[in-house]
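Chemist: Under the working numbering, the first residue of the sequence shown carries the number 1, and numbering increases by one thereafter.
The following block contains the structure, expressed as structure tokens.
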Amino acid sequence: MNFMNKDFWNTTKINGKGWNGLVIQQNNGEEIDLLNLVENKPEKYPFFLESSSRGNVLNRYSIIFYKPKILLEKDNCKINFLNEFNYLWNQNKIEQEQMIYKNQCIPFSGGWFIYLGYEIASEIEKKLVIPKSPYLLPDAFAARVNTSIVYDHIEKIVFLSSDKKKFSSDFDDILNDLFGPKIEDSNSSQKGSIKIYSKGTSDEHQSQVRSCIDYIYQGEIFQANLSRLWQFKADNNLSDIDIYKQLRKKNPAPYAGIVKYKNSSIISSSPERLVSINGDHLQTRPIAGTRPRGGSGLIDIELKKELISSDKEKAEHLMLVDLERNDISKVCEPGTVKVDEMMTIETYAHVHHIVSNISGKKKKNILPGEIIKSVFPGGTITGCPKVRCMEILGELEKQGRGPYTGSFGYVKHNGDMDINILIRTILKEKNDLFFRAGGGIVADSVPQNETSETEAKANGMLKAVGSFKNE
């Protein structure tokens with residue numbers, strides 16, 4: 001079937017300082033799936049950010065980046081990635097006003113896509129020694145993006161945007177892909193199998209939990225976010241797209257996406273934002289505190305009550321809120337940092353989480369890399385204090401995390417950005433699949449309960465890979 005039937009759409013040209021756009025208005029009100037473009041034209045559309053869950057304003061837009069150009073990659077220790085990114089961002093910066101359509105600010109109209117592996121923490125904290133990433137994926141990369149496709153899930157509108165002066169050929173190419181010859185339906189069934197290759201045992205994990213508790217009683221740390229690794233083997237019939245379709249179906253999330261880079265694919269259904277900037281408004285949205293979903297509505301209600309009433313979970317969450325307040329205060333005007341949403345419950349497909357929102361007024365003339373340095377990696381997935389926790393986690397986990405608890409997202413010409421934390425994320429390299437799930441360990445943690453929490457968090461990914469069986 002065609003991706004979009006041209007008879008059901010109207011197009012309108014719009015433009016502003018530093019950008020040109022095309023609005024494609026849908027008339028029949030059906031939801032469209034931009035994943036088709038990633039599936040059928042991966043060389044043009046390798047990076048896809050998606051809000052695969054629905055229900056609030058955080059889940060409004062999805063973005064595809066057209067023909068991104070990799071200008072910076074960190075595959076060794078000789079470059080300081082974030083400093084180099086600041087230089088490139090400055091050199092390529094375009095004076096640009098916000099892209100507004102019917103009082104809505106369209107999130108992206110040219111700039112950069114960036115990926116940051118967990119190991120980038122070593123260049124932020126110079127004395128930090130942690131294991132190197134064992135994966136093919138580089139520790140970080142940045143791609144210059146001139147042209148993109150943004151889909152508004154609420155209004156069912158597609159926006160094409162470009163910061164190029166000669167943008168017409170990009171738009172014509174995209175329109176040909178959207179309206180042109182056959183593109184397979186992205187909901188087609190997949191056949192294939194995935195088998196477990198290795199998994200950290202419950203005994204091993206619980207021994208590591210007890211080690212974290214010992215460090216806490218020794219006064220070295222207050223909390224640490226320990227993770228477990230699962231590894232699977234997929235057969236040759238299964239693609240990264242097949243797996244992503246199942247993951248977003250089984251575990252929809254507001255900061256999801258798929259990133260294809262050489263022989264690696266990051267397949268993510270993350271619920272957590274690291275940092276976003278809109279003008280001078282900076283915010284981070286930490287998640288800390290978890291309960292699994294119940295088997296019925298009544299059990300779900302009881303589990304949510306239990307979560308928000310837990311002294312342990314609330315104490316852990318408050319400690320991490322304080323950590324995040326301290327992190328963003330480095331790049332915000334004094335006296336502007338505040339907690340504007342405190343300990344609300346967000347419910348996802350397999351878990352309930354305690355979530356807060358912390359915001360502040362960004363300092364003037366501060367560079368994007370400096371903002372990332374102030375918050376990366378997120379305190380909710382390392383612990384407190386950050387540096388000592390990362391050293392202990394490296395000692396216990398014994399190998400690098402790669403994309404897990406790293407980030408991906410976009411940075412605009414004016415410094416606006418939106419970057420997630422890569423949890424609920426699968427890495428596919430050749431036929432190998434890797435993912436981690438973790439939880440915060442505090443003084444009164446019960447090792448068996450912590451193991452159960454990792455299983456609950458991994459459940460969406462386990463169901464996604466478990467969807468594939470020999471047929």
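Don't be surprised by glycine CBs; every beta carbon is placed ideally from N, CA and C.
Run the CB neighbour count on residue 162, radius 10 Å, all protein chains shown included, and call it buried at 16 or more, exposed below.
Modeler: So residue 162 ends up on the buried side.
Chemist: Suppose the cutoff is 7 Å on Cβ atoms and the five residues either side in sequence are ignored; what does the same chain contact list for residue 300 look like?
Modeler: These residues qualify, in order along the chain: 293, 294.
Chemist: Please tell me whether residue 405 and residue 377 are closer than 7 Å, where the distance is taken between their beta carbons.
Modeler: Yes, these two residues count as a Cβ contact at 7 Å.
Chemist: Helix, strand or coil: how does DSSP classify residue 464 here?
Modeler: The answer is helix: DSSP assigns residue 464 an H, G or I state.
Chemist: Report the partner residues of residue 417 according to the DSSP bridge assignment.
Modeler: Note: residue 417 sits in a beta bridge opposite 277, 411.
Chemist: Determine the DSSP secondary structure at residue 192, reduced to helix, strand or coil.
Modeler: Coil at residue 192, not helix or strand.
Chemist: What are the residues that DSSP puts in a beta bridge with residue 344?
Modeler: Per DSSP, 355.
Chemist: For the alpha helix (DSSP H) containing residue 431, list its first residue and its last residue.
Modeler: Residue 431 -> no alpha helix (DSSP H), and no H or E assigned at all.
Chemist: Considering residue 288, what are the terminal residues of the beta strand (DSSP E) in which it resides?
Modeler: Residue 288 -> beta strand (DSSP E) spans 287-292.
Chemist: Using only CA atoms, which one of 12, 242, 326 lies nearest to residue 35?
Modeler: That would be 242, whose Cα lies nearest to the Cα of residue 35.
Chemist: List the endpoints of the continuous alpha helix (DSSP H) containing residue 475.
Modeler: In the structure as shown, the chain starts at 1 and stops at 471, and residue 475 therefore has no counterpart that could be examined.
Chemist: Using the Cα positions of residue 326 and residue 311, report the straight-line distance between them to the nearest angstrom.
Modeler: If you take the alpha carbons of residue 326 and residue 311, they lie about 23 Å apart.
Chemist: Tell me whether residue 218 is buried or exposed, calling it buried when 16 or more other Cβ atoms sit within 10 Å of its Cβ.
Modeler: Residue 218 comes out exposed.
Chemist: For a quick check, are the C-beta atoms of residue 323 and residue 389 less than 7 Å apart?
Modeler: For residue 323 and residue 389, no; Cβs fall outside 7 Å.
Chemist: Going by Cα to Cα distance, which pick from 115, 99, 170 is closest to residue 108?
Modeler: If we check each option's Cα against that of residue 108, 99 comes out closest.
Chemist: Taking the straight line between their C-alpha atoms, what separation do you get for residue 186 and residue 37?
Modeler: With a pLDDT of 48 at residue 186, under the threshold of 50, the modelled position of this residue cannot be trusted; read the value that follows with caution. One C-alpha to the other measures close to 9 Å.
Chemist: State the DSSP-derived secondary structure class of residue 228, mapped to helix, strand or coil.
Modeler: Strand.
Chemist: If you measure between the beta carbons of residue 272 and residue 421, is that distance less than 7 Å?
Modeler: Contact flag set, yes.
Chemist: Taking the alpha carbon of residue 263 as the reference point, which residue from 31, 42, 429, 354 has its own alpha carbon closest?
Modeler: Residue 263 has its Cα closest to that of 429, out of 31, 42, 429, 354.
Chemist: Considering only C-alpha positions, which residue in the set 158, 145, 320, 437 is nearest to residue 113?
Modeler: Considering only alpha carbons, the answer is 145.
Chemist: Spatial neighbours of residue 128 within its chain, please: CB distance less than 8 Å, with the 5 preceding and 5 following residues excluded, ordered by chain position.
Modeler: Cβ within range, chain order: 121, 122, 387, 390, 391.
Chemist: Could you name the residues that DSSP lists as bridge partners for residue 360?
Modeler: Answer is 282.
Chemist: Write down every uninterrupted run of the alpha helix (DSSP H) in the region 112-161 whose length is 4 residues or greater and which is fully enclosed by it, in chain order.
Modeler: You should have 121-124.
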